[in-house]
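Have a look at the structure below before the remarks.
Residue numbers (the working numbering), protein chains in the order written: chain A, 1 to 281; chain B, 1001 to 1323; chain C, 2001 to 2526; chain D, 3001 to 3555.
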């Protein structure tokens, strides 16, 4: 199953749309200082202004520039998303691969714990924990990662197990290949696609949860984030401001998640040839 | 069928939930009493009254004894006392639970039915324009967080167009009864249920569609076509029936997502369910209530998963006889 | 592969189709029957404020408001004055330090029992045994003894002379029927309909905790005549939606955000503004160097532009804080209170006098950069940011952190902070001053080192002569503002809008001991 | 009833069926046989119009061309007129419906019966196929493979179709059930036209009167089943039979050389055919009929490579060979069995033209051999009993093998050397320089015989006459040499005349056996017939005294 993932994703239109959306968000995050002349935290007397030449999306309730908040909000979303994605992936690999290779009681314990975590509604756990500890950004990332590696671990374990038994690995072992060689040359390329799909899942979940927590008001209030923008904007929904305050934040969040959804869909399709070919494409 | 593996899984999940409830209050800074009374009119409560409260809620005892008492009480069905509501946590939650069940239940049924129907349709015509449009549309829909959908629905249909009520589960003291009361309740739940359903539709749809595509290539589909069956029967009775099954296996997990989705959506619509209660509890820092809600929601989802595990064999003959 | 286009219109149509599918059929805008006076609906964002009995209502103001339709006090207040309620007349005997109340003899409980002086005596004793957060009857403000001279005369002996007695005790303590509460050991266990038997103009017909709704019905045998509204309803509508609900006419009254005042008035609704009753404060750790220095605290006060803070963080819908805490709109306000107008130059000068030098934009002393830690709950995020911006502009580095509210309280209580932002109400009656300046608790400045101030605060509480008391309160403001253990930042303006069918007004110094809600039950009588 | 003409089915560029013509009338049964991948199932599905491939040509069923019908019309034909028993693979039955429902479904859906009647009828059918009533509500996965097959059969008969297409109806079954169901199928399907699709000759012979052999998308041979099985006329059919394990074959299993490849120009079988000539790779041979049999072969079917007519050879008055008639077909092994002195070797030598004088005629590919020259020996070669005698002790291994090439003056020295070394490799001898330059007296008996074989094969002959090639060898070495000969035959498509006194060895390597006694052929026929049902007492005697371990003597 040596498929060029990059190619597969780029070939599918869903993948292209998704990648474009993601690049757009990443560009907004990276280029935020260039795209807006306002500090997103800078308060000013002109509050709740309508969009104008100087404030493209107007200002919020304390005179902060909404456009610039939108751009910097991308940073928060992406930081949480990718941070959680990477850490939970690493945890997933750690537990998944070790469970597959060590096996026995250890494997059983890890897998039961994983199953248990899958049936517990994670958002509720996050809300409970966050309600107590009011996490700042690094803690939030760790918290979300700690609660979202389980699905990945299960998939990675299954994949590693099947690879352990698969023909070409046995064959190369019989030709005298060392463990490192096998891991590098055969195991890694075969699970890298699955890892990517899991990674994107993790990112998507994290972006969503960060926004949700901020919306509930249990995130770090000092952080400029889309969820918080929506929360703040919601309390002014009796005015017109929601059109350029709430909606852009919600749309930015949605587009990010849609981008991730499309990319993961394309990656999944690449993984499962049965789904290939008839894509949104 | 329920096997030992499942039992172990559920036990671990249950223990984890309890342990969290044990551990989280330990991390609380300060004493819980300050969260009981806020800053509305009287700034400081009289020290005498404070002492009275500390005594009556046993807050002066060491933490571990409070935990011990909590667990003991839990197994006696006592989930604690909400200082804010002046009522037992259990009774507070029970009051809100039916509304959440109504919203979540309706969304679960609707999103499952519509998701399966669309998934079957889309998978059946895979590759067609209809399929591609549906896939793109629903995957996009999947990206919209439920609370954002809720807000937009509320603003558009509630505020701008004024078609739907702005808040609540029914018109209070409207004197309605019978059918008109049902209509009133339906009108109130229409937007929250729509938001939840739309946000969760895509998951069901995608799973059904993927299964459908696989099922369509199964040998029994060829058999069925050879039998000269109508398209309709092929699509629903043969392919559809098989495509539904994987969706049903994940209903429990789905339900978990819907419940958490309801937490957000109820907040948006001020819908008097557990989600709204959670938000209030967070605002008022009513920790016993937060703990209680967490416990009930988590356990409810566990039970739902458990129930699906038990029920699934009745739906999929392959599983029921596998043991 | 076919070319893929995100066909927006098709997607939109499908989404619309789905939504139409999901939505049950619905007819637009039901007619609201608010024209008749048999029903009056009040919107509230929170909704549930507890079962409206004295011990099950929630402790905050709205809880009391829900209760005061049913339960009454000895004296009551109109928009301007103390007025008789259960007591027809009262007088203070300075020698005995006791109030004598002459009670009405035509009052009945909702269950038909006669109301007598025994009920008052019972209530006082009951509250002493079962404390109520609103009324403190033990300690300095307490009642030593209640004696019924006859069926309709009751004499309350005070522990000490207590100036705000009428407001805080006689006008706040609701009388409960002895025949029901006698023998109830745990007041919270009384949850049935008997728990809401009072003497007031309304009885409770329904209460729903989940929906946050209340339904009151007029009590026909009310001794002051039949209430003008047959039914009062409280319904829960989220804050943002109340304006829409008012415009739709689905509610008669509700509090509104300041931004919509003009729109409401344009729509023919009456908007009323509460005299300010609440303030947000910058709490300063006056136990800790360099904040323990009065000059330093004054420098901070001059560096924070409170007018700008009101403009930015409150969008102008507030009054800038007076360093004397008493709001300028209050009758107790001393116009001579030092104001510390925004003056960064003055701040710099004060800091330089303390030995600070500006280096690289920040003040430094003994090689150490001046840095303050500011903590606040998330609710004060915008204000914290504003103060941080202002102080950093001046040259004081600020580390601003939002913490969980209880964590802030705990650290303030442990003196583990530099600056903190906190808010509280109760500014109508000067009795608040002692509690928030010298008493214990995280929400008090606990500033006890100025003997003069201590003396003044004690004195105004026991000074029964209003004019002399006012003089004391004026002095307190000056001393407090001079010492600045905390700085009042602003007083927010609160608005209610109603359709004018009932004349809503703000009670003098708030309902009971100071609830700033324009729902005095007497609006609904006569 | 069913008439398929010039049916072409292709998936993209892959042409699966390439011009198939078939006729089937009511009550007739026809088996389509072929290896997997020859397009058998596609043919069945095409009739049901269920292939996803592109279909051209015509499929006429009751005078209607199925390919031009509307979907609705086709839907009405499916199962009512034409039903199919699908190959019993996993999930061929819908896993979530009970078997009774699945059998009843087509009756209900085609409105032949109401629900209750349909279920009753379905029950009868299932019972007829041996499923008890309590199994009716079972789901497919609860059934054994045999039971599932019964369900598939019962289901196919539900709407009483006129044409039944059976795709591998018996292949998932054990032998006993196979017999039982085969008989049942013959009974219930008797009056219906049946098209049996199988790779299994046994199934074909059980279920069908006629047989069509499909190869590379074309029918290569068609005719009555029994005749084809006894006397295949297309090289593919023959190869198929030879590769087929059954109780009546005695020869060791031989595959068919090479693998099926697509696309192929010309005759689809020519890359694997042992008698292919130039035209075979150029044009597709048409199906030509003779004697009730259709064969698609440019060479008219299997070629008779060598035949002798009335061959006699007398030494003085002794008639060593007496009026012998024999033929050897392309790619087959004829064993000539007889005692020493029966004239076997003389016959072989006569054929090889060792004796200038003899009576009778030798034909090579139908042409009379008039002179024995290079042309003849290029095509016919012989190896002898004693390899030591046939190899010159003065020539090294390499020189010995190169010698025939030099004699025939084929190629350059270098090419000859290469060809020789390749052939030495083919007979599983070392190609090291050391070995190539070894002289015969350093070689073992087995090695010598291999060198001799190599020398005979280096000219790529069509016929190899092997005269007791194992007589001088140990049993184990002899067995290996025999195995080698069989392999060579499979790879090169060699025909062999195998001369032996050992009928046991003969039956392992030969397709046919001729028994020789006193210069005459007294009995001749397919190996299995000769071995199992010998007619001549002499043959029986030979069989009786053939080498065996005689274990019964010890019991």
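Glycine included, every Cβ here is placed at the ideal spot set by N, Cα and C. Only a predicted model underlies this, so the values are computations on that prediction, with no experimental measurement involved.
Residue closest to residue i, alpha-carbon to alpha-carbon, out of the options
i               : options                               : result
residue 2322(C) : 2126(C), 2476(C) and 2053(C)          : 2476(C)
residue 3453(D) : 3514(D), 3380(D), 3510(D) and 3432(D) : 3380(D)
residue 3515(D) : 3495(D), 3538(D) and 3199(D)          : 3538(D)
residue 3197(D) : 3339(D), 3033(D), 3275(D) and 3234(D) : 3033(D)
residue 2491(C) : 2448(C), 2428(C), 2464(C) and 2501(C) : 2428(C)
residue 3545(D) : 3529(D), 3503(D), 3511(D) and 3465(D) : 3503(D)
residue 3137(D) : 3144(D), 3100(D) and 3473(D)          : 3100(D)
residue 3149(D) : 3008(D), 3103(D) and 3417(D)          : 3103(D)
residue 7(A)    : 193(A), 33(A) and 80(A)               : 193(A)
residue 2461(C) : 2119(C), 2095(C), 2160(C) and 2103(C) : 2160(C)
Opening and closing residue of the beta strand (DSSP E) in which residue i lies
i               : result
residue 2498(C) : 2495-2498
residue 2203(C) : 2202-2208
residue 2420(C) : 2419-2424
residue 2573(C) : Past the edges of chain C, shown from 2001 to 2526, lies residue 2573(C), and the structure says nothing about it.
Nonlocal neighbours in the same chain, by C-beta distance under 8 angstroms from residue i, ignoring five residues either side
i               : result
residue 3192(D) : 3026, 3027, 3161, 3162, 3163 and 3164
Rounded distance between the beta-carbons of residue j and residue i, thought under 8 angstroms
i               : j               : result
residue 3335(D) : residue 3500(D) : 6 angstroms
residue 2497(C) : residue 2271(C) : 5 angstroms
residue 2274(C) : residue 2506(C) : 5 angstroms
residue 2069(C) : residue 2232(C) : 7 angstroms
residue 3234(D) : residue 3280(D) : Incorrect: roughly 12 angstroms between the Cβ atoms, too far for contact.
residue 3428(D) : residue 3484(D) : 6 angstroms
Proximal residues to residue i (C-beta, below 7 angstroms), its chain only, five neighbours per side dropped
i               : result
residue 2517(C) : 2061, 2062, 2065 and 2511
residue 2417(C) : 2285, 2373, 2375 and 2411
residue 1176(B) : 1184
Spatial neighbours of residue i in its chain, beta-carbon cut-off 6 angstroms, leaving aside the 5 residues before and after
i               : result
residue 2401(C) : 2375
residue 3194(D) : 3029 and 3164
residue 58(A)   : 49, 50, 51, 66 and 244
residue 1185(B) : 1170
residue 3542(D) : 3503
residue 3521(D) : 3324 and 3514
Residue i, enclosing alpha helix (DSSP H) - first and last residue
i               : result
residue 3431(D) : Where residue 3431(D) is concerned, there is no enclosing alpha helix (DSSP H), given that its DSSP letter is neither H nor E.
residue 3009(D) : First-last for residue 3009(D): 3002-3011, but that is the beta strand (DSSP E), not the alpha helix (DSSP H).
residue 3226(D) : 3225-3230
residue 3520(D) : It is not in any alpha helix (DSSP H) - residue 3520(D) instead sits in the beta strand (DSSP E) that spans 3520-3526.
residue 3084(D) : Premise fails: residue 3084(D) lies in the beta strand (DSSP E), 3082-3085, not in any alpha helix (DSSP H).
**Report entry** alpha helix (DSSP H) runs contained entirely in the segment 3348-3428 of chain D, provided each spans 4 or more residues
**Finding:** DSSP runs (the alpha helix (DSSP H)) wholly in the segment 3348-3428 of chain D: 3374-3379, 3387-3390, 3397-3408 and 3413-3426.
Requested in this report: Please specify which runs of the beta strand (DSSP E), each continuous and at least 3 residues long, are wholly inside the segment 1127-1177 of chain B, giving them in chain order.
Outcome: DSSP runs (the beta strand (DSSP E)) wholly in the segment 1127-1177 of chain B: none.
Report task. Only counting runs of 4 or more residues, tell me where the alpha helix (DSSP H) segments fall wholly within the segment 3005-3082 of chain D, in order along the chain. Result -> Counting only runs of 4 or more, we get 3040-3047 and 3071-3077.
Query - Ordered list of alpha helix (DSSP H) runs contained in the segment 85-166 of chain A, each at least 4 residues - result: The DSSP assignment places complete alpha helix (DSSP H) segments of no fewer than 4 residues inside the segment 85-166 of chain A at 104-119, 122-133, 137-146 and 150-165, in order along the chain.
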